[in-house]
Amino acid sequence: MGNTASVHLADVCDPEALSVALETFARHGGLDVMFNCAGILAMCEFAECSLEAMHRIVDVNVNGVINGIHLALPHLRNRTDPRVISMSSVAAIHGIPEEAVYSASKTAVRALTEALNIELEPAGIWVCDVMVAYVATPMVLAAQERAKSVDILGVNVAPEQVAQTVWKAVHDRQVHWFVTPEDEAVAAQIDVTPWEQRRDIIKQITGFA
Numbered sequence: 002m003g004n005t006a007s008v009h010l011a012d013v014c015d016p017e018a019l020s021v022a023l024e025t026f027a028r029h030g031g032l033d034v035m036f037n038c039a040g041i042l043a044m045c046e047f048a049e050c051s052l053e054a055m056h057r058i059v060d061v062n063v064n065g066v067i068n069g070i071h072l073a074l075p076h077l078r079n080r081t082d083p084r085v086i087s088m089s090s091v092a093a094i095h096g097i098p099e100e101a102v103y104s105a106s107k108t109a110v111r112a113l114t115e116a117l118n119i120e121l122e123p124a125g126i127w128v129c130d131v132m133v134a135y136v137a138t139p140m141v142l143a144a145q146e147r148a149k150s151v152d153i154l155g156v157n158v159a160p161e162q163v164a165q166t167v168w169k170a171v172h173d174r175q176v177h178w179f180v181t182p183e184d185e186a187v188a189a190q191i192d193v194t195p196w197e198q199r200r201d202i203i204k205q206i207t208g209f210a
């Protein structure tokens, strides 16, 4: 994997700072993979969430990914088998109550991934995303408020499992990568379930039944 590493502090919502970080990183021999991982979550009912918090979710989770991909493209072009990998979520399969704006942000990442996977293929750039439920990170475990779905579904995924999936995405081609077989099975079931039944399933697993 090489013996040179560098760390750069950059706000994904600040295109200028992010551009400088990417330029500096690329001096180590180029950029082969852009991994858009920055994301935030607020768990609260929509009417109780502040506009500031909801706008911040969109800024980081959507605009941050757009910034990252757009600024990485000049570095990824003409590389050997370059990749763009973004963190999406199983919340992109169906919106999750008490996480409405987060769900919307991850659905945007999914749609962006699917569109760019086709659009950037002629340039040799493979675009994909990683989908997962609740991961045992401070964002979930130390949240001031917890959605009911956290207690119903549990927090059963370790960060290391996500890292392993990302590593697979670096070396193989698939548009959507699910971290666990359970998440993939649920997503497949929801995709083929009629709307009313799908809605009932989501209500059950989010505590709104």
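If you're matching positions, the sequence shown starts at 2 in my numbering and goes up one per residue.
Cβ coordinates follow ideal geometry from the N, Cα and C atoms, glycine included.
Identified DSSP bridge partners for residue i
i: H177; result: D130
i: N37; result: S87
Burial state of residue i (16 or more Cβ within 10 Å)
i: F47; result: exposed
i: I58; result: buried
i: V163; result: buried
i: V8; result: exposed
Continuous alpha helix (DSSP H) stretch holding residue i: start and end
i: P16; result: 16–27
i: D201; result: 196–207
i: L74; result: 65–77
i: T94; result: The question names Thr, but residue 94 is Ile in the sequence shown. Careful: I94 lies outside any alpha helix (DSSP H) and carries neither H nor E.
i: L117; result: 101–120
i: C52; result: Before going further, note that residue 52 is Leu rather than Cys in the sequence given. Residues 52–59.
i: A189; result: 182–193
Any C-beta of chain D under 8 Å from that of residue i
i: T114; result: Protein chain content of the structure displayed is limited to a single chain, and chain D is not contained in it.
- Message: For a minimum of 4 consecutive residues, which ranges assigned as the alpha helix (DSSP H) are wholly contained in the region 136–163?
- Response: 139–142, 149–154
- Okay, do the region 166–185 and the region 81–94 touch, 3+ Cβ pairs below 8 Å being the bar? yes
- Message: Across the region 111–118 and the region 171–189, are there enough close Cβ pairs to call them in contact, namely three or more that are closer than 8 Å?
- Response: Judged by Cβ distances under 8 Å, the region 111–118 makes contact with the region 171–189, as three or more pairs qualify.
- Task: Would you check if the region 98–105 and the region 145–157 touch, i.e. whether three or more CB-CB distances between them fall below 8 Å?
- Result: yes
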